[in-house]
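In our numbering, the protein residues as written are 14 to 207.
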């Protein structure tokens, strides 16, 4: 696999992990700004270029507070009742902590990193966690089979429904832009990770 492409993939996966994991989001304002600038300088397509610009402008004007508020409104405790679940088991099994969680735990067990329950409060089927796993596998360069398994069996089959749920959510504005970037990146990944 191409080294330059993999470096960009690491940044993309780290960006998505940072915006979809609440405990990471709160301390990553400067990192996210740098990632948006880097990724936005060579967007995957015209649609994502606009999304990058919207997100960069918003973060420069208001910092991360609006993104964090929107995260809570869309993923945590939405007053509207329209919650988006970033868990694979929700999409595969129709419930949280479904059977696929066991499969994912088996798949990531081969990797030397684990979810730290003191810091990381989500289960392994959380898309943010899987994005972190992908970043790690790509960055290390020696877990290509694990990378393919995580993407092919756990991310790719379910991420399009997750993206659609974000786009359709009435409280989603900034996250709609993030979802459009994620959609474009996942389309690239589907052709790249084989």
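Where is the CB? At the ideal position from N, CA and C, for every residue including glycine. All figures in this text were calculated on a predicted structure; none of them were measured in a lab.
Does the beta-carbon distance from residue i to residue j come in below 9 Å?
i           : j           : result
residue 146 : residue 114 : no
residue 45  : residue 72  : yes
residue 13  : residue 135 : Residue 13 lies beyond the range of the chain shown here (14 to 207); nothing can be said about it.
residue 196 : residue 173 : yes
residue 202 : residue 180 : no
residue 90  : residue 97  : no
residue 26  : residue 144 : yes
residue 170 : residue 139 : no
residue 105 : residue 95  : no
residue 22  : residue 205 : yes
residue 151 : residue 17  : no
residue 37  : residue 81  : no
By DSSP's criteria, residue i is part of a beta bridge. Which residues make up the other side?
i           : result
residue 139 : 100
Ordered along the chain, which non-local residues of its own chain (more than five positions away) have a Cβ less than 6 Å from that of residue i?
i           : result
residue 28  : 48
residue 191 : 32
Might you give, ordered along the chain, the residues of its own chain that have their beta carbon closer than 8 Å to the beta carbon of residue i, omitting 5 neighbours on each side?
i           : result
residue 142 : 30, 34, 128, 133, 135 and 136
residue 76  : 42
For residue i, which residues of its own chain have a beta-carbon under 7 Å away from its beta-carbon, when the five flanking residues on both sides are left out?
i           : result
residue 178 : 97
residue 198 : 25 and 57
residue 182 : 87, 95 and 97
residue 60  : 193 and 197
* Asked: How do the segment 185-194 and the segment 58-74 stand: do at least 3 beta-carbon pairs fall below 8 Å, yes or no?
  -> A contact between stretches requires three or more CB pairs, one per stretch, nearer than 8 Å, and the segment 185-194 meets this requirement with the segment 58-74.
* Evaluate contact between the segment 53-64 and the segment 156-174, counting only Cβ atoms and requiring at least three cross-stretch pairs below 8 Å. => Too few Cβ pairs lie closer than 8 Å, so no.
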